[in-house]
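Peer 1: Residue numbers (my numbering): 2 to 121.
Below is one structure. I have some questions about it.
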């Protein structure tokens, strides 16, 4: 029983943290301006953090950081150094109770972008 409780606690705490960034992805730049002709397009990617369950226990800041880190990790795998952000979405999960009313909460963040290699 102790083992089950310990494993459940570890799983819950892990679900509440943001996606970790890989060390080589730290230097990747995010921009809202499309890179110039000196950059080579490598592909498009989507990064996300959270879902209807784990997002409830994760702060909005960690959801945003995790989505950004996920995006950078994927850009690094393509060999890119710059991400041109195309879309930013925050998902809401709602509930309603006859006695207490209802509400919504941000439970996920998704970013999409184009990956470029600008530095040679």
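Idealized CB from N, CA, C, for every residue including glycine.
Roughly how many angstroms separate the alpha carbons of residue 113 and residue 38, rounded to a whole number?
Peer 2: 21 Å
Peer 1: Tell me the residue span of the beta strand (DSSP E) that contains residue 126.
Peer 2: Limits of the chain in this structure are 2 at one end and 121 at the other, which puts residue 126 out of reach.
Peer 1: Tell me which same chain residues have a C-beta within less than 8 Å of the C-beta of residue 36, skipping the five on either side of it?
Peer 2: 83, 85, 117 and 119
Peer 1: For residue 63, count the other beta carbons within 10 Å of its own beta carbon; 16 or more makes it buried, fewer makes it exposed. Which is it?
Peer 2: Buried is the call here.
Peer 1: Residue 115 to residue 68, Cα distance in whole Å?
Peer 2: 15 Å
Peer 1: Per the DSSP calculation, residue 32 is bridged to which residue(s)?
Peer 2: 85
Peer 1: When you compare each of 79, 100, 89 and 111 to residue 33 by their alpha carbons, which one comes out closest?
Peer 2: 89
Peer 1: Nearest-angstrom Cα distance between residue 31 and residue 72?
Peer 2: 9 Å
Peer 1: I need the DSSP call for residue 118, collapsed to helix, strand or coil.
Peer 2: strand
Peer 1: Would you kindly work out how many angstroms separate the C-alpha atoms of residue 42 and residue 78, rounded to a whole number?
Peer 2: 14 Å
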